Ligand code: GLN
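Residue numbers (our numbering): 8 to 192.
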């Protein structure tokens, strides 16, 4: 099983380390041929506008949109924004991969100084995670809520797709990545 981590921008190294700690073989991905090689993909946190621009210049959008139709994919923070079918506060001309039937709102908590750590419930168990210029999930369509904070959805799953507004890889939480890896057959 080979897990790709989209390595255009953002904290892809932290995801790589966490996935390796959980026993996965990991390939940093920057080209569409590499997307064909992997069995699953993580889209990390970072800055979705920059990630989107780079994905466009590298010509990755067609391969990414194809991949999310069937391969397990986890998007965290900017990665969740990239996977959202609807995004509030998108930059002009910003493109997304889509696939998750949710509406997210970029930078919904405010700027960097409104970043925080919190304990969230992931599939019924509590874990410390970081919210960094995090998006908020405003509406959930077909997706299932798998983590919440004060009653608000902060992670969802829809078939092969997982999305979280937070960064578990910064605080070392393993629950979300374990659920994701367990979904790869
Ligand atoms: N707010 C950022 C964006 O729009 C995401 C922040 C993050 O990934 N930590 O991409």
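Every residue gets a Cβ at the ideal spot worked out from N, C-alpha and C, and that includes glycine.
Bear in mind the structure is a predicted one, so any value in this text is a computation, not a measurement.
Item	Value
Quick check on the DSSP output: the beta strand (DSSP E) that includes residue 12 runs from which residue to which?	9 to 13
State the Cα-Cα distance for the pair residue 121 and residue 137, rounded to the nearest angstrom.	11 Å
Taking residue 124 as the reference, which of 166, 118, 174 and 15 has the closest Cα?	174
Under the criterion of a Cβ to heavy atom distance below 7 Å, does residue 109 qualify as lining the ligand GLN?	no
For residue 126, list the residues DSSP reports as bridge partners.	135
How about residue 20: is its Cβ closer than 7 Å to a heavy atom in the ligand GLN?	no
Any idea what DSSP makes of residue 190, helix, strand or coil?	coil
Taking DSSP's pairing of strands, which residues face residue 110 in a bridge?	93 and 146
Taking its Cβ as the centre, do 16 or more other Cβ atoms sit within 10 Å of residue 65, making it buried, or is it exposed?	exposed
Based on Cα-Cα distance, which residue from 43, 54 and 57 lies nearest to residue 72?	43
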